Amino acid sequence: MSKSNAFLLAVAAIAIVAAAWYRQQVFREPPQPTTLHVAFVTGGSGPYWQSSIRGAEAAAKEYHIEIDVETPASDESLEQQTSLLAQLKYSDLDGVAVSPLNAEEQTPLINRIQQETNLVTFDSDAPLSQRRGHVGTSNYGAGALCAQLVGEAIPDGGPVLVLLANLTKENLIDRKAGFEDALKRRGLENGDEPAPPEITVVDYFVDNGDDAACAAGISRTIGEHEDLACIVGMNARHGPIILSTLKELDRLGSIKAVTFDAEAPTLQGVEDGAIYATIAQDPYKYGYEAVRMLHSLAHDGASDVPIVGGGTINITAEAIRQSDVQGFRERLQSRAAPK
């Protein structure tokens, strides 16, 4: 065989191999995207937390994520939540979203989880941990707004009772601080105008998530302060408890109330005038954005070093007065409607 023929045969063989390789590449099925798997851990199982779950599940559906929802059986149960977190199989997860019930105590656990997978917080934060991000509102600002609403509800001032589930959650610590500071500032910016009537907090009552203890605390405080002017409920569950307790004591309407969140009985209380106003957060959006953040981290930022206290998505809280209830309900219904 001549050298020229051998060369041509070699070229032909190479061409055949190249064509076969090209055909294989062209007709090969594209790789299937990997389905992400995340865990969503709430601080309880009540209506507020159910709203956050609906938001998380909506994001999971939109981004094709497998989601495991973990809810403590008892609202505000640190022991139950910590147990749920500790039992997660981190190696099987692409991310964890949690609303920590005790930022200081749970930070070491949060840091351990972050070493295994991405972790973000929602609703309540653990700002000194290595969590990758946070979704929530400015609770200091929400506390200040609450103080403003109390001033509107009782323009003549008077004694006030403030209810809190605990003072371990970062959001309640900030909420209380914002409320206290706003009360201290009352009248300081009035210039030559007379100072507004004094509002005095007779007790910051911590009920540890116990509804019966909360109702008993309200009754006891009213017995000790017959002139009690207003009750502030800083957790979602407080609105219905305030309403039922004041009704039992025949003080509904004579004692004003300012609450947080938008449970159905609370909104009805605002509409009826039994509650002056409630401060609505957006737990649905907290859940949605937390899962969306985990999706982004898994695809875009898994190698980034966590920045302590960084990566916050702020969602504004709003005051819902009697005139706002109908419009607010319509917004909730439009969100809940099937797409």
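Throughout the sequence shown, residue numbering follows the numbering used here, covering 4 to 342 in sequence.
Think of the CB as a built atom: it goes at the ideal place given N, C-alpha and C, for glycine as much as any other residue.
Please read these numbers as outputs of a predicted model, since none were measured by experiment.
Enclosing alpha helix (DSSP H) for residue i [first to last residue]
| i | result |
| --- | --- |
| Leu-152 | 142-156 |
| Ile-3 | Limits of the chain in this structure are 4 at one end and 342 at the other, which puts residue 3 out of reach. |
| Leu-112 | 106-119 |
| Asp-177 | 173-188 |
C-alpha distance - residue i paired with residue j, whole-angstrom precision
| i | j | result |
| --- | --- | --- |
| Arg-135 | Gly-161 | 44 Å |
| Leu-148 | Gly-181 | 8 Å |
| Gly-58 | Lys-288 | 6 Å |
| Val-328 | Asn-238 | 19 Å |
| Ala-145 | Asp-95 | 37 Å |
| Cys-217 | Asn-211 | 9 Å |
| Ala-293 | Gln-53 | 15 Å |
| Asp-184 | Thr-37 | 49 Å |
| Ser-337 | Ala-283 | 17 Å |
Assigned exposure category for residue i - 16 Cβ within 10 Å defines buried
| i | result |
| --- | --- |
| Thr-343 | Outside the shown range of the chain (4 to 342) lies residue 343, about which nothing can therefore be said. |
| Glu-348 | The structure shown does not extend to residue 348, since the chain is modelled only from 4 through 342, so no value can be given for it. |
| Thr-319 | exposed |
| Asn-317 | exposed |
| His-67 | exposed |
| Val-29 | Confidence at Val-29 is low in this model, with a pLDDT of 49, below 50, so the placement of that residue should be treated as unreliable; the coordinate-derived value is given next. When all chains shown are included, Val-29 counts as exposed. |
| Glu-107 | exposed |
| Lys-64 | exposed |
| Gln-83 | buried |
| Thr-74 | buried |
| Arg-334 | exposed |
| Lys-92 | exposed |
| Ile-323 | buried |
| Arg-178 | buried |
Neighbourhood of residue i by C-beta distance below 6 Å, restricted to the same chain and skipping five residues each side
| i | result |
| --- | --- |
| Val-308 | With a pLDDT of 48 at Val-308, under the threshold of 50, the modelled position of that residue is not reliable, and no figure is offered here. |
| Ser-127 | Ser-102, Pro-103, Lys-172, Glu-173 and Asn-174 |
| Asp-71 | Ala-42 |
Beta-ladder partner(s) of residue i, from DSSP
| i | result |
| --- | --- |
| Val-44 | Glu-73 and Val-101 |
| Tyr-207 | Val-165 |
| Val-261 | Val-235 and Ala-280 |
| Asn-317 | Gly-139 |
| Ile-202 | Gly-161 |
Sequence-distant residues of the same chain with beta carbon closer than 8 Å to residue i, five excluded per side
| i | result |
| --- | --- |
| Glu-112 | A small correction: the amino acid at residue 112 is Leu; Glu does not occupy that position in the sequence shown. Result list for Leu-112: Thr-85, Leu-88 and Ala-89, in chain order. |
| Leu-1 | For residue 1 there is no data in the structure shown, the boundaries of the chain being 4 and 342. |
Range of the contiguous beta strand (DSSP E) that encloses residue i
| i | result |
| --- | --- |
| Glu-321 | 321-324 |
| Thr-124 | 122-125 |
Close Cβ partners of residue i (< 7 Å) along its chain, the five nearest in sequence each way excluded
| i | result |
| --- | --- |
| Leu-249 | Leu-255 and Ile-258 |
| Tyr-291 | Gly-58, Ala-59, Ala-61 and Ala-62 |
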